[in-house]
Every structure is written in C-alpha cells, then in structure tokens.
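Note sheet for the following structure.
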Amino acid sequence: MKKMKWIVPTLYIIFLMLPIYWLLNMSFKTTTEIINTYSLWPQEFTLENYKTIFTDSTWYNGYLNSIYYVLFNTVISVAAALPAAYAFSRYKFLGDKHLFFWLLTNRMAPPAVFALPFFQFYSSINLFDTHVAVALSHCLFNIPLAVWILEGFMSSVPKELDETAYVDGYSFSKFFFKIFIPTITAGIGITMFFCFMFSWVELLLAKTLTAVAAKPIAATMTRTASTSGYELGLLAAAGSLTIVPGAIVIYFVRNYIAKGFALGRV
Amino acid sequence: MNKTINQKAWFFVVPVFVLVAFNAVIPLMTVVNYSFQETFGNNVFMWEGTRWFKQILQSERFHAALGRQFLFTGIILVIQIPLGIAIALSMPKEGPWVSVCLVLMSMPLLIPWNVVGAMWNIFALPEIGFLGHTLNGLGFDYNFTQQIGDAWFTTILMDVWHWTSLVVLLSYAGLMSIQPAYYQAAEIDGASRWSVFRYIELPKMKKVLTIAILLRFMDSFMIYTEPFVLTGGGPGNATAFLSIDLVKMALGQFDLGPAAAMSLIYFFIVLLVCWVFYNLMMKNEEQS
Amino acid sequence: MSKITLKDLSHSYLYSQSKKEDWALRDVNIDWKDGGAYALLGPSGCGKTTLLNIVSGLITPTKGQILFNDDDVTLNNPVERNIAQIFQFPVIYDTMSVYDNLAFPLKNRGISKEEIDSKVLEIAEMLELKSTLYNRASGLTADGKQKISLGRGLVRSDVNVIMFDEPLTVIDPHLKWVLRSKLKELHQKINRTMIYVTHDQTEALTFADQVVVMHEGQIVQIGTPVSLFEKPKHTFVGHFIGSPGMNILPCEISSGNVFIDGNKIETSIVNTKKENYSKTEVGIRPEFIKFSNGGIPIKISKVSNTGRHKIIDSECSIGRIKILSKSNEEIPSDTAFISFDKKFTYVYGDDWIIE
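Residue numbers (the numbering used here), protein chains in the order written: chain A, 392 to 657; chain B, 97 to 384; chain C, 10 to 364.
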C-alpha cells in the first residue's frame with residue numbers, strides 16, 4: 392500500500408495541470424481552429440497570439456502596470472510592517488491586542504464592500520488611475536498579512552539577541568538593520584512572496600481604481616473578451632503569460648514555503 | 097515570550113496604522129454614511145435611518161444570496177479540507193519530489209483570479225473545452241452556462257482546483273513538524289495507521305488546520321472574481337454569491353443605500369465568524 | 010524476557026560504502042543476558058542511537074543478525090519483536106488522558122478491558138501518576154510526560170526488552186536524580202532487560218551493570234563500571250570515562266622497556282614485544298599518579314580544589330599531565346617529580362591496549 396502512495400499527489404497534480412494545459416493549448420491555436428475544431432493539441436501551431444501581445448502597447452502595458460503596482464505595494468507593505476511587527480513581537484503597549492485584531496479584520500474585509508468607496512475616495516484625492524492608488528489600496532489586505540507573518544518569524548527569534556546587541560553597544564537602528572533584519576531574511580522573503588502573490592492575483596480593486604493609464608493586465612483581458620469579439624486565442628495567450636511571474640517567484644521561494652507555513656502564519 | 101511594556105512602541109506601529117486606516121476607516125465611514133441615507137445624485141442626501149438595513153434583512157434577494165453563499169462555503173470546506181489533508185499525507189517527505197510537488201501545487205494560487213475564471217471558462221465550454229467536451233462525450237448533458245446544477249458543479253470544481261493546494265501546503269507543513277520519534281513510538285505501541293492519524297497527525301495539525309479553515313472560510317465568503325468571470329452569477333442568479341450580488345447592486349444599479357447596508361451586514365457576518373475562530377485559536381495557543 | 014545477541018552487525022545510511030567513515034556502525038558483537046541492566050555510552054554521533062534502533066526494529070541493519078533467545082528477528086518489525094522504547098523527549102498522545110496514554114499499547118493489542126484497567130493502575134501506582142491519571146496528558150510537566158512514556162513501555166508485561174534513548178535530556182537536573190533512581194528501582198522490581206543509551210557517564214555508570222562504550226561506530230569496550238575505570242582497553246575509554254580523564258602520553262618501547270621522554274616507566278604490560286604500531290602511548294589515570302623524589306620532572310601550572318580533592322594541572326617536556334590528590338595533601342610548588350602506580354599504568358598501541 393505504501394508503494395502506491397505517489398498516486399494521490401500525481402493524480403492531484405494532473406488535475407491541477409489540465410486546465411493550465413488547456414489554456415496553453417488554446418493560446419497556440421488560431422481563432423478559426425478554436426471555434427471550428429476540438430483537438431487535444433494545436434493542429435496549426437501559431438505564435439500570432441503572443442506576437443500581438445508583445446507588439447500591441449495596450450497589451451504589454453497591462454503587464455508593466457501590474458508589475459509596477461505589485462512591486463510598489465510589496466515594498467510599502469514590508470517596509471511598514473517590519474517596525475510594527477517588531478513592536479508586536481517585543482513590546483506590550485496600550486491597545487496592542489485590539490490593534491492586532493483590528494489589523495486582521497481588514498484581511499477579512501470583502502473587497503467588494505470597499506470597491507465603490509475606494510473609487511470615490513481615490514478620485515477625490517486625484518489618485519484615480521495611478522499605480523500609487525492600486526498599490527495603496529492593496530495595503531488594505533497586504534499590510535495586515537505582512538504584520539502577521541513577520542510577527543510570527545520575529546517571535547521565534549530569542550529576545551536575548553536584542554539584549555546582547557544593546558550590551559555590545561549597538562544603537563537601536565544599527566541593531567535593527569545590521570543584526571535583526573539579516574536574521575529574519577527567510578521571513579521577509581516569505582512575506583514579500585505573499586504580498587506579491589495577493590497583489591498580483593487581486594482584480595476587483597485594481598480594476599475599479601484604474602481606467603487607462605494604470606490598467607492591470609487582468610483587467611485588459613476582461614475588456615478584450617467583451618469588446619473585440621470572441622478572441623479566445625488571444626485571451627488564452629494573455630492568461631498564460633500571467634502565470635509566468637508567479638511561477639518564477641514560487642520557484643525561488645520553494646524551500647522557504649514549507650518553513651513559512653510551518654510557523655502557522657499565512 | 098515575556099514582553100516589556102513600552103508605550104513608545106506605538107511609534108513603530110504608526111506607519112501601518114496610518115496606511116491601513118487610510119484604506120479602511122475612510123471608505124468604511126463612506127459606506128456607513130451611505131447606509132443611512134438616500135441619494136438622487138448630485139450629492140443630495142436624505143436621512144433614511146435604518147430603513148436600508150431593514151429592507152436588506154427582509155429582502156428575499158439577500159436571503160437567497162446569503163443562502164447560496166453559505167451553501168457554497170460549506171461545500172468547498174467539506175471537500176477541500178479532507179482532500180487537502182489526504183494529499184498532504186501521501187506526499188513524499190524528502191527527496192527531489194518534494195520541491196516538484198510544492199512548486200506545481202502552488203501554481204494555481206499564483207494565477208490572477210480572473211484568469212482562473214477565464215481558464216475554467218475555456219476549460220469547461222461544452223463544445224471546445226476539455227471538461228465540457230469530455231463530459232458530453234461520456235453521455236452527460238453538460239452545459240454550465242445553461243443548467244444550474246452544472247454551473248454549481250463547475251464553480252465548486254474550480255474552487256477546489258484553485259484553493260485545495262493552500263490546505264495541502266498548510267497540512268504538509270504541520271506534518272513535517274512532527275518529530276520522527278512520534279511515529280516510532282506509535283509503531284512500537286502497535287498503533288494502526290488510523291490511530292497514528294487520529295492521535296498523532298491530526299492533533300499536531302490542529303493549529304494549521306484552524307488557520308486553513310479560517311482562511312478558506314474568509315476567502316470563499318468573499319469570492320467574487322472567479323465565479324463572475326466563469327458564470328457571471330448565472331444562469332439567472334444561481335451562482336450570484338454575496339459579493340457578486342453586492343457589486344451588481346452598487347455599481348450596476350447604483351442603489352447606494354441598500355448596497356452600503358448590505359456591505360455592512362456582509363462584513364459583520366465575516367467578522368463575527370472570524371472573531372469566534374480567532375478566539376478559539378488564541379485559546380488553543382495559550383493551552384499549548 | 011529474553012537474551013539478546015547481536016552478531017556481526019554493521020549499518021550504513023548510504024547506498025554504497027567505500028570507506029570506513031561511510032559506516033554508522035561497524036562489526037558489533039554483543040551478548041545481553043536476560044534481565045540485565047545495560048548502558049550504551051558514547052558521544053553524540055558514535056552510533057549508539059543507530060544501534061538502539063536496530064535492536065528495536067526501527068532500522069534494518071545493512072549486515073549482520075539480531076537474535077532474541079536464539080531466534081533470528083533481524084527482519085521483524087517492532088511489534089513482532091515485542092519491545093518498548095523511551096525516546097529522548099517525551100512522546101505522548103496529546104489528546105488522550107494519562108490513563109488512555111498508558112492503556113494505548115494494550116488496547117492496540119486487543120487486551121480485555123479489565124486486564125488493561127488493573128495493569129494501568131498498577132503502573133500508575135509504581136510511577137506515582139495516580140493523582141493525575143484522568144487529566145489530559147498534554148498538561149503535565151516534562152518529567153511527568155516522560156514518566157508516561159516510560160509507563161507505556163512498562164504496561165506490557167511480556168516485553169523482551171525496554172530501551173531508553175537518552176531519556177533524561179529534557180528533564181531538570183534535580184529531577185534527573187529522582188527519575189534515575191526510580192529507573193534503577195523499577196529494574197530491580199520488574200527484573201526485565203533494559204538498555205539505556207546516554208552520553209552522560211554518570212547516568213551510564215550508575216544505571217548499568219554492564220556498560221558498552223562506543224566510539225566512531227565501533228564498540229571499544231564492554232565491561233562493568235569498575236573495569237572501565239580501572240582498565241580502559243582503548244584510549245577513548247580512558248579519556249571519556251573519569252573526571253578528569255586519563256592522561257595519555259606518547260612513549261617509546263625499546264627492548265622490552267617503556268620510556269617517556271627518556272625516563273623508564275614501570276607498567277602493567279607483560280608482553281613488550283614491539284609490534285609495528287604507528288604510535289604508542291602510556292595511559293595513566295590522574296588518580297594513580299603520586300609525587301615522589303624521582304621520576305618524571307613536571308612544572309605545576311594550576312591547582313584547583315573541588316572540595317573532595319585537588320586537581321593539579323602540570324606540564325612536562327612532552328605534554329600536559331593532570332594529577333588528582335587528596336584535598337588535604339601538600340602540593341609542591343612550581344617543580345616536582347611524579348611516579349605512576351605500576352598496576353594501573355597501561356601501554357596503548359594505535360589506541361588499543363597492549364597486554
């Protein structure tokens with residue numbers, strides 16, 4: 392029975408890969424082939440769809456926009472969360488527990504609840520259709536997450552490390568940047584990974600807060616599907632390309648993932 | 097860890113507080129504001145008191161959406177949690193296959209949600225999609241854009257595809273933290289495979305499983321993009337979950353007052369459930 | 010209850026073995042009598058836990074055989090071997106009560122309720138766990154939990170051997186004494202074969218009738234605590250056992266006599282035929298060195314008084330020598346001469362004793 396164990400994960404992975412394969416399969420087909428024939432692999436293999444995306448600025452700008460605001464959000468989230476997580480892991484202060492729970496409640500807020508007010512709010516401060524707006528709005532769920540994960544990692548670092556550094560004459564800032572941050576690089580890596588991931592996959596807010604200049608790739612796709620006819624091949628190619636950044640990121644952090652989850656913080 | 101009392105620690109928290117408050121408090125106040133008023137455009141508002149709340153709480157549309165939401169969340173939890181545990185249990189514990197499994201299994205988690213919807217749309221289309229074509233080929237009359245049952249089946253299958261890996265990764269991490277001595281002791285005590293699971297693996301996974309259930313509850317309760325792209329809430333309103341219904345009301349019909357009231361009730365339900373979970377979790381942590 | 014024989018056991022965690030270092034365990038041969046108390050002693054990484062896991066059946070050895078009462082059990086699993094093992098840190102079933110923890114191994118073997126009940130109560134009484142019998146096991150202190158692990162080994166009255174893998178590691182020092190004497194007492198009461206793995210010589214020497222000393226995957230000596238102290242068969246045993254350990258000094262052997270830096274030494278060596286050793290050394294315990302008027306000249310560098318005796322650090326021309334003397338004895342200052350007790354002075358060729 393033990394020998395047959397590999398079957399379960401294998402079947403599961405096949406199940407996971409099937410729709411992805413189908414998307415790739417479609418992306419290499421011509422529109423006529425998609426509509427007229429059913430085939431397990433492209434009969435007339437074409438790169439046209441990808442060519443369109445890489446040459447049409449409305450398409451590739453979508454990617455660039457997404458990457459801009461995702462990176463921007465990741466940096467803000469982690470930078471702001473680092474000192475806060477340190478405070479939560481090391482100190483007791485007035486209202487700390489309530490504050491922590493309040494932060495977490497924002498991770499629980501359905502984005503749909505906030506879509507409309509966000510639109511009005513960011514319009515009123517003239518940030519509508521900018522990368523900054525999307526990056527800031529994603530802080531709503533990414534900062535609580537970042538604080539939560541980092542707090543977990545920091546709590547596992549013994550307090551003696553801080554005390555030793557102070558005894559050795561380090562100032563707080565020198566200790567924090569020279570000693571503390573290097574000891575939790577794994578944690579920071581995991582946090583950045585999750586911030587990247589959640590900002591990258593989110594669409595509702597990103598779509599609501601942009602029109603043209605900062606439109607994310609995901610939103611570009613929905614528009615194409617409805618306005619310029621039924622271009623499934625193009626849609627499939629664009630979709631396939633959105634998988635790439637995630638796949639790259641996950642490959643780099645694969646060894647940390649289990650560790651990050653093991654701390655019970657996601 | 098014993099923490100020192102230091103009120104200055106607030107300074108460390110200020111950036112986070114400001115950023116989140118900026119995003120959470122101001123929009124939330126807007127929602128609260130709308131929920132008590134009626135508007136006819138042009139920034140003219142009339143005080144309506146709790147009328148919208150009463151209207152929403154009594155409306156059949158809301159009841160139906162809430163019912164669908166609970167049914168959906170219940171079904172995916174019942175499927176994903178045991179399935180995730182089962183897969184984690186049968187995953188290799190060491191060797192090169194671990195990385196392969198982790199990377200491949202994490203893939204769905206990193207695909208933008210509307211792409212997930214679009215991908216499943218293409219995958220499930222009756223004529224040209226693999227799933228639709230295969231099911232129809234096997235003699236099932238499958239069409240998720242027309243038949244309610246098929247729409248639910250596809251939406252649930254999509255969510256299982258999308259999120260089971262999260263449960264797998266969490267359970268796997270929980271399993272990896274069990275010292276080999278526990279298995280050895282159980283072997284010596286003559287424990288059956290079921291006993292090992294029941295008395296060693298399950299208790300040790302309790303913490304990560306609580307988190308898995310909490311996250312899956314939260315996220316499935318907020319689900320919007322994937323079913324919106326896949327089915328658009330249809331056929332009819334068959335798969336219009338709370339978020340979809342809410343956006344329809346707020347952005348589609350521009351019924352700001354009722355939509356705001358619904359938002360608050362919706363948020364309140366999520367908070368309530370999460371608060372209960374959070375307290376259970378903290379209680380567990382204190383015990384161990 | 011049975012005697013245990015290990016025959017030519019070798020084990021490697023690697024798929025192929027080319028050099029000595031690839032083996033975690035080499036050529037182990039041991040006879041353990043029924044009902045004895047044995048210890049496996051050695052530093053971390055010497056292979057003692059591997060050996061223990063081979064006996065319990067958690068690991069199948071690469072080569073060799075394990076016999077229980079002359080029956081070959083090499084390929085049997087732990088349940089078939091009917092053994093009990095207590096691990097380094099307490100292994101308890103968190104969600105069960107203390108009672109259920111103790112009853113677990115019996116339940117798994119389909120033993121009747123009444124029998125389980127009487128057995129569990131008996132063991133709980135013996136281990137002083139009665140007052141917490143119906144509490145959740147996860148709420149107990151580390152030593153309480155370790156008692157439960159121990160109890161799960163003891164409830165089965167028919168086990169062939171009970172094995173302990175450094176069971177006191179996570180226990181507070183003052184409780185170590187309590188648990189250790191408890192173990193000794195239990196051994197006398199139930200008279201079952203016990204094998205105790207540790208890197209702590211005090212634990213091994215106080216617990217066991219016979220100690221197996223291991224070093225780099227090999228057994229270097231098997232003997233009673235006294236023989237290990239008085240006649241170490243390997244420089245490692247001399248060095249590892251005793252506090253401070255044996256002095257090991259390079260020496261030359263020529264025409265049947267032993268010389269340390271030109272000074273002739275009287276030793277217990279009988280056969281002084283010179284063989285081709287790559288190194289030869291004299292071993293002498295600090296306890297058996299005396300100050301005298303002639304002999305090896307030394308320079309005293311430090312004297313520390315432990316209360317019961319004094320430890321003298323000194324240097325001679327070829328190395329450091331530690332000397333142990335009574336605390337009221339006068340210690341010569343600066344320079345002195347020392348002589349060795351002939352009966353306890355041994356010569357080692359390539360680390361093994363020359364007899």
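All residues carry an ideal CB built from backbone N, CA and C; glycine is no exception.
Quick one: grab the DSSP three-state call for residue i.
{"i": "Q219/C", "result": "strand"}
{"i": "I13/C", "result": "strand"}
{"i": "V196/B", "result": "helix"}
{"i": "S263/C", "result": "strand"}
{"i": "E324/C", "result": "strand"}
{"i": "G453/A", "result": "helix"}
{"i": "G292/C", "result": "strand"}
{"i": "T633/A", "result": "helix"}
{"i": "S301/C", "result": "strand"}
{"i": "D174/C", "result": "strand"}
{"i": "I570/A", "result": "helix"}
{"i": "H20/C", "result": "strand"}
{"i": "D36/C", "result": "strand"}
{"i": "E225/C", "result": "coil"}
{"i": "F419/A", "result": "coil"}
{"i": "A46/C", "result": "strand"}
{"i": "D81/C", "result": "strand"}
{"i": "K29/C", "result": "helix"}
{"i": "E134/B", "result": "strand"}
{"i": "P306/C", "result": "strand"}
{"i": "T618/A", "result": "Note that T618/A scores a pLDDT of 43, beneath 50, so its modelled location is shaky; the value from the coordinates is reported in the next line. Helix."}
{"i": "H208/C", "result": "coil"}
{"i": "S273/B", "result": "coil"}
{"i": "S121/C", "result": "coil"}
{"i": "V168/C", "result": "coil"}
Would you grab the beta carbon distance between residue i and residue j for me? Rounded to a whole angstrom, and I think it's under 8 Å.
{"i": "P535/A", "j": "R498/A", "result": "4 Å"}
{"i": "V312/C", "j": "I305/C", "result": "Wrong, their Cβ atoms sit about 18 Å apart, outside the cutoff."}
{"i": "V88/C", "j": "G286/B", "result": "5 Å"}
{"i": "N110/C", "j": "Y102/C", "result": "5 Å"}
{"i": "L266/B", "j": "I641/A", "result": "Going by Cβ atoms, the distance from L266/B to I641/A rounds to 16 Å, so no, they are not a contact pair."}
Return the residue from the list the options that minimises the CA-CA distance to residue i.
{"i": "L258/C", "options": "T178/C, S106/C, G265/C, H248/C", "result": "H248/C"}
{"i": "F77/C", "options": "K16/C, G162/C, K299/C, S121/C", "result": "K16/C"}
{"i": "L636/A", "options": "L414/A, S546/A, L462/A, D487/A", "result": "Note on residue identity: the sequence assigns Pro, not Leu, to residue 636/A. Checking every option, the nearest Cα to that of P636/A belongs to L462/A."}
{"i": "M318/B", "options": "C530/A, A627/A, V504/A", "result": "V504/A"}
{"i": "L153/B", "options": "F168/B, V325/B, A355/B", "result": "A355/B"}
{"i": "G170/B", "options": "G191/B, D255/B, Q275/B, G235/B", "result": "D255/B"}
{"i": "W257/B", "options": "T241/B, G328/B, S202/B", "result": "S202/B"}
{"i": "I347/C", "options": "K308/C, T244/C, V221/C", "result": "K308/C"}
{"i": "A357/B", "options": "E283/B, M125/B, N210/B", "result": "M125/B"}
{"i": "G254/C", "options": "V267/C, L237/C, D270/C", "result": "L237/C"}
{"i": "N533/A", "options": "A506/A, L494/A, F563/A, D553/A", "result": "L494/A"}
{"i": "I458/A", "options": "F643/A, L632/A, T437/A, R645/A", "result": "L632/A"}
- Query: Listed from N- to C-terminal order along the chain, which residues in the stretch 94-117 of chain C have their beta-carbon within a distance smaller than 8 Å of any beta-carbon of chain B?
  - Reply: Against chain B - using a Cβ distance shorter than 8 Å - the residues of the stretch 94-117 of chain C are Q94, F96, Q97, F98, V100, Y102, D103, T104, M105, F113, P114, N117.
- What are the residues of the stretch 55-74 of chain C that lie near chain B, defined by any Cβ-Cβ distance shorter than 9 Å? Within the stretch 55-74 of chain C, the residues whose Cβ lies closer than 9 Å to some Cβ of chain B are N62, S65, G66, L67, listed in chain order.
- Taking any Cβ of chain B, which residues in the stretch 149-161 of chain C have a Cβ under 8 Å from it, in chain order? Closer than 8 Å at the C-beta level to chain B, one finds these residues of the stretch 149-161 of chain C: S158, R161.
- Item | Residues, ordered as in the chain, of the stretch 182-209 of chain B that lie near chain A by beta-carbon distance below 7 Å | Per Cβ criterion, the list reads A182, I183, S186, M187, S195, C197, L198, V199, L200, M201, S202, M203, P204, L205, L206, I207, P208, W209.
- Taking one C-beta from the stretch 430-449 of chain A and one from the stretch 582-600 of chain A each time, how about it: are there three or more such pairs within less than 8 Å? Touching, no, given that fewer than three Cβ pairs across the two stretches are closer than 8 Å.
- Below 8 Å, can you find three or more Cβ-Cβ pairs linking the stretch 216-227 of chain B to the stretch 333-340 of chain B? No: fewer than three Cβ pairs fall under 8 Å.
- Query: Are the stretch 103-115 of chain B and the stretch 310-329 of chain B touching by the rule of at least three beta carbon pairs closer than 8 Å?
  - Reply: Taking one beta carbon from each stretch, the stretch 103-115 of chain B and the stretch 310-329 of chain B have fewer than 3 pairs nearer than 8 Å; the two do not touch.
- chain B contacts from the stretch 78-90 of chain C (Cβ-Cβ distance under 8 Å): For the stretch 78-90 of chain C, the beta-carbon criterion of a distance under 8 Å to any beta-carbon of chain B is satisfied by N86, P87, V88.
- Query: Would you call the stretch 292-310 of chain B and the stretch 212-219 of chain B touching, i.e. three or more CB-CB distances under 8 Å?
  - Reply: In this structure the stretch 292-310 of chain B does not touch the stretch 212-219 of chain B; the number of beta carbon pairs closer than 8 Å is below three.
- Query: Given 8 Å as the limit, is there contact between the stretch 187-206 of chain C and the stretch 228-235 of chain C, that is, 3 or more CB pairs closer than that?
  - Reply: They do not touch, by the three-pair rule.
- Query: Does the pairing of the stretch 42-62 of chain C with the stretch 356-369 of chain B give three or more beta-carbon distances under 8 Å?
  - Reply: Verdict: no, contact absent.
- Query: Does the stretch 394-403 of chain A come close enough to the stretch 178-195 of chain B that 3 or more CB-CB pairs lie under 8 Å?
  - Reply: Contact between the stretch 178-195 of chain B and the stretch 394-403 of chain A is present: 3 or more CB-CB pairs across the two stretches fall below 8 Å.
- Message: Count Cβ pairs between the stretch 544-556 of chain A and the stretch 511-521 of chain A that sit closer than 8 Å; are there 3 or more?
- Response: Between the stretch 544-556 of chain A and the stretch 511-521 of chain A there are fewer than three inter-stretch CB-CB distances shorter than 8 Å, so the stretches are not counted as touching.
- Kindly confirm or deny that the stretch 286-306 of chain C and the stretch 259-278 of chain C touch, where touching means at least three C-beta pairs closer than 8 Å. Short answer: they touch.
- Give, in chain order, every residue of the stretch 151-178 of chain B whose Cβ lies closer than 9 Å to some Cβ of chain A. Under the 9 Å Cβ criterion, the stretch 151-178 of chain B contributes no residue.
- Query: Counting pairs of beta carbons, one from the stretch 487-494 of chain A and one from the stretch 546-561 of chain A, are three or more of them closer than 8 Å?
  - Reply: Output reads no: the stretch 546-561 of chain A does not touch the stretch 487-494 of chain A.
- Query: Would the stretch 203-213 of chain C and the stretch 22-38 of chain C be scored as touching if the rule is three or more Cβ pairs under 8 Å?
  - Reply: No, the stretch 203-213 of chain C does not touch the stretch 22-38 of chain C.
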